[in-house]
Amino acid sequence: MARVAVRLAVAALLLGGLWAGGLAWFAADVPRNAPDPAGAEAQRQTDAVVVLTGGSGRLGTGLELLAAGQAKKLFVSGVYDGVEVQELLKLSRRRPHDMECCITLGYTADSTIGNAYETADWMREQGFRSLRLVTANYHMRRSLLEFHMAMPDMEVIPHPVVAPTVHLADWWMWPGTANLLMNEYNKLLLAYGRYLIGRALGD
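Letter by letter, the sequence shown follows residues 1 to 203 of the UniProt record's numbering.
Here it is, written out as structure tokens:
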């Protein structure tokens, strides 16, 4: 029994170390800055800009990209029922008649998985093949994985929005940021698990 307990303790320590190391890698990998507007990646045009709701700055960034002619249409995924395009534009201090024709709202998604599949359905309805994905910097890696699983045939260009309330420098000293990153990292691990299982079953 003692040997079993020791082995379990060693295994737990190893797993904990791997988890902590992965968390450190994940936090270091989160983009610290918004894409350089002059960069080649930022200037590439796509068929659509897709904004995932849930954080400050995302919708404004998406509207700016649409206004700059970076895409034909803007799709906002995960909008609350009852919210209309005109209301969102007014909240973003944009004149509704300037952009209303080019914006579609998605109401069915209530998670990142839902965002991916809601967007995939809309992209295929539109006949689009490429999109620029706008979401928070800490949320981008998991979003890209979910979008890849939902629409592997689409080109997805990341456009992370830097969340001002997320303190990535010395993040472990900020309880709110540390908790956010740990939760997001755990969700990413689960998403990778689903991806690997899907690959194994597909093969």
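Just so you know, even glycine gets a beta-carbon here, dropped at the ideal spot from N, CA and C.
Please report the straight-line C-alpha distance between E125 and T119, rounded to a whole angstrom.
One alpha carbon belongs to E125, the other to T119, and they sit about 10 angstroms apart.
So D36 and L131 are in contact, right, with Cβ under 8 angstroms, and what is the actual spacing, rounded?
Wrong, their Cβ atoms sit about 20 angstroms apart, outside the cutoff.
Which word fits S143, buried or exposed, when buried means at least 16 other C-beta atoms lie within 10 angstroms of its C-beta?
S143 should be labelled buried.
Report yes or no: do the stretch 20-34 and the stretch 164-184 share at least 3 C-beta pairs separated by less than 8 angstroms?
These segments touch.
Give the straight-line distance between the Cα atoms of L8 and G16, rounded to the nearest whole angstrom.
The alpha-carbon atoms of L8 and G16 are separated by roughly 12 angstroms.
Could you give the distance in angstroms between the alpha-carbon of G54 and the alpha-carbon of V156?
Computed Cα separation, rounded: 20 angstroms.
Relative to the C-alpha of residue 282, which candidate in W25, Q70 and A12 has its C-alpha closest?
Since the first and last residues shown for the chain are 1 and 203, residue 282 lies out of range.
So, does the stretch 72-79 touch the stretch 99-106, judging by three or more C-beta pairs under 8 angstroms?
Taking 8 angstroms as the limit for Cβ pairs, the verdict is that the stretch 99-106 does touch the stretch 72-79.
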